[in-house]
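Chemist: Heads up, the sequence shown is in our numbering, so the first residue is 476 and it goes up one at a time.
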Amino acid sequence: MKVSSEAALELNDITNPISRAFYEDTRDGLIENIQRYLEILPASNVDIYLNTAYNDGKKKCTPLVIASENGHYHILQLFLETKCRANIEGEGTIVIENRIIRGVTALWIAAANGHFSIVQLLVEHGADVNHTTKTNSSPLRAASYYGYIKIIQYLVDHGSDVHSLNHFNSSHMNIAAYRGHINVVQYLLQSGCNPNIKDNDLSIALHEAVAGGHLKIVKFLLLQYENASNSNITLKNKYNLTPLMVAARHRHLSIVNYLIENNYCTDIECIEALELLGASHYCQNENNPDEGFEYLVRNNSLIT
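(1) On the DSSP letters alone, give me the boundaries of the beta strand (DSSP E) that Thr568 sits inside.
(2) Taking all protein chains shown into account, do 16 or more other C-beta atoms lie within 10 angstroms of the C-beta of Ser729, making it buried, or fewer, making it exposed?
(3) With DSSP run on the structure shown, which of helix, strand or coil describes Asn530?
(4) If you check the beta carbons only, do Leu677 and Leu696 fall under 8 Å apart?
(5) Are the segment 567-576 and the segment 594-607 touching, with three or more C-beta to C-beta distances below 8 Å?
(6) So for Val579, helix, strand or coil by DSSP?
(7) Ser543 and Ile509 look like a contact to me (Cβ under 8 Å); what is the Cβ gap, rounded to whole Å?
(8) Hey, Asn520 and Asn562: beta-carbon distance below 8 Å or not?
(9) Starting from the Cα of Leu596, find the closest Cα among Ile575, Lys625, Gln552, Ser639 and give me that residue.
(10) Cα-Cα, which of Pro538, Asn658, Gly532, Ala651 is closest to Leu505?
(11) With DSSP as the reference, label Arg726 as helix, strand or coil.
(12) If you draw a straight line from the C-alpha of Glu507 to the C-alpha of Phe554, how long is it?
(13) List the DSSP bridge partners of Arg574.
(14) Kindly give me the distance between the Cβ atoms of Cys740 and Leu734, rounded to whole angstroms, as I take these residues to be in contact under 8 Å.
(15) Considering His600, what are the terminal residues of the alpha helix (DSSP H) in which it resides?
(16) Look up Cys745 in the DSSP assignment and say whether it is helix, strand or coil.
(17) Helix, strand or coil: which one does DSSP assign to Lys711?
(18) If you follow the alpha helix (DSSP H) that His647 is part of, which residue opens it and which one closes it?
(19) At which residues does the alpha helix (DSSP H) containing Ser666 begin and terminate?
(20) Per DSSP, Cys536 forms a beta bridge with which residues?
(21) So, Val631 versus Ser666, is the Cβ gap smaller than 8 Å?
(22) Who are the Cβ neighbours of Gly688 in its own chain at under 6 Å, not counting the five residues just before and after it?
(23) Who are the near neighbours of Gly655 in its chain, counting only those whose CB is closer than 7 Å to its CB and skipping five residues on each side?
(24) What does the Cβ neighbour count give for Lys534, buried or exposed, with the cut at 16 atoms within 10 Å?
(25) For Tyr621 and Arg574, what's the separation of their Cα atoms in angstroms?
(26) Can you list, in chain order, the residues of its chain with a C-beta nearer than 6 Å to that of Leu582? Leave out the 5 residues immediately preceding and following it.
(27) Closest to Ser635 by C-alpha separation, out of Ser645, Asn649, Ala617, would be which residue?
(28) Exposed or buried, Leu716, counting other C-beta atoms within 10 Å across all chains shown (16 or more means buried)?
(29) Find the nearest neighbour of Lys609 within the set Thr580, Asn738, His725, judged by alpha-carbon distance.
(30) Using a threshold of 7 Å, is the CB atom of Asp500 nearer than that to any non-hydrogen atom of the ligand GDP?
(31) From which residue to which residue does the alpha helix (DSSP H) around Arg560 run?
(32) Here's the rule I'm using: 16 or more other beta-carbon atoms within 10 Å means buried, otherwise exposed. How should Pro492 be labelled?
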């Protein structure tokens with residue numbers, strides 16, 4: 476539904492307190508007030524209120540988006556199951572973990588916040604499961620970031636594209652691996668997601684799991700590569716770093732040791748990794764250099 480510029484201007488006018496109250500009561504979950512608005516206000520006014528994005532601090536949300544963000548299932552149900560003409564694909568701007576995200580739909584934020592029942596409600600009413608934000612992040616990516624496996628499975632079952640990439644060419648598996656959600660990584664692999672997709676940094680899921688320090692995911696991905704006789708175990712990213720070097724750079728000792736002890740590197744790569752690990756420890760722990768010195772000694776024993 477299109478809203479005229481005159482109507483939108485009127486809604487943003489401070490002399491029109493009803494429109495603002497409609498939004499704020501939606502945001503705050505005051506369902507009795509919302510029911511009253513729907514009973515007494517002209518349908519045309521309600522339609523305009525529902526399809527306008529309101530400034531709210533750093534946010535700019537439609538009532539559907541803010542209700543979805545805050546988990547107000549029954550208010551959303553009122554908007555979607557009455558004669559209201561709410562645009563279910565209406566976009567807003569929200570803030571998550573101090574990051575401003577633009578182009579967010581009600582479904583995207585429901586997936587990001589783990590509101591499974593709201594995800595179901597929106598999809599049942601025709602929400603586009605592949606509608607992305609301005610950075611090409613889908614609801615499936617939002618759920619993958621936070622590890623909401625039940626939502627992920629539901630979205631995939633209802634047509635979400637497991638192969639879609641965001642603005643940085645990062646896959647759902649890449650972000651799940653970095654965040655440490657092994658159940659999500661396993662499910663996405665079973666659903667056909669390719670663990671070898673390179674993002675703009677030329678990193679694959681293995682690099683991301685290593686960078687996040689998630690040894691269980693590293694082991695799982697290595698097993699997939701072994702079964703496929705895959706050379707990606709030593710693949711270098713944009714910064715010329717193999718997964719082993721990424722582990723050393725981030726000082727993930729358990730991963731460094733596992734890769735070396737299980738021969739996932741050449742002697743030269745091992746030497747370079749131990750040297751980097753020792754230097755990293757020394758630079759970040761000048762008052763306690765012993766551990767860094769231990770890795771440099773270990774490196775020297777391999778050289779000599």
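Beta carbons: idealized from backbone N, C-alpha and C, even for Gly.
Modeler: The relevant details are as follows:
(1) From DSSP, the beta strand (DSSP E) with Thr568 extends over 567-571.
(2) Ser729 should be labelled exposed.
(3) Residue state for Asn530 is assigned as strand, using DSSP reduced to three classes.
(4) Not closer than 8 Å, so no.
(5) These segments do not touch.
(6) Reduced to three states, the DSSP call for Val579 is strand.
(7) Between Ile509 and Ser543 the Cβ distance is about 14 Å, and since that is not below 8 Å, they are no contact.
(8) No.
(9) For Leu596, the nearest C-alpha among the options comes from Gln552.
(10) Comparing Cα positions, the closest option is Pro538.
(11) In the three-state reduction of the DSSP assignment, Arg726 falls in the coil class, being assigned neither a helical nor a strand state.
(12) About 13 Å.
(13) Ile571, per the DSSP bridge assignment.
(14) Indeed they touch by this definition, with Cβ atoms about 6 Å apart.
(15) No residue range can be given for His600, since it is assigned to no alpha helix (DSSP H) and is classified by DSSP as neither H nor E.
(16) DSSP, read as helix, strand or coil, puts Cys745 in helix.
(17) Three-state result, Lys711: coil.
(18) Here the alpha helix (DSSP H) through His647 covers 647-654.
(19) Looking at the DSSP string, Ser666 is not in any alpha helix (DSSP H), and its letter there is neither H nor E.
(20) Paired residues: Tyr529.
(21) Judged by their CB atoms, Val631 and Ser666 are nearer to each other than the 8 Å cut-off.
(22) Around Gly688: His727.
(23) Sequence-distant Cβ neighbours of Gly655 in its own chain, meaning closer than 7 Å and more than five residues away, are Gly687, His689, Ile692.
(24) Its Cβ being crowded by 16 or more others within 10 Å, Lys534 is buried.
(25) Tyr621 and Arg574: Cα-Cα distance of roughly 15 Å.
(26) In the same chain as Leu582, and ignoring 5 residues on each side of it, the C-beta atoms closer than 6 Å to its own belong to Leu597, Ala602, Pro614, in chain order.
(27) Answer by Cα proximity: Ala617.
(28) Counting the other CB atoms within 10 Å of its CB gives Leu716 a total of 16 or more, which places it among the buried residues.
(29) Distance from the Cα of Lys609 is smallest, within the candidate group Thr580, Asn738, His725, for Thr580.
(30) No copy of the ligand GDP occurs in the structure displayed, which carries no ligand at all.
(31) Boundaries cannot be given for Arg560, as no alpha helix (DSSP H) includes it and DSSP labels it neither H nor E.
(32) So Pro492 ends up on the exposed side.
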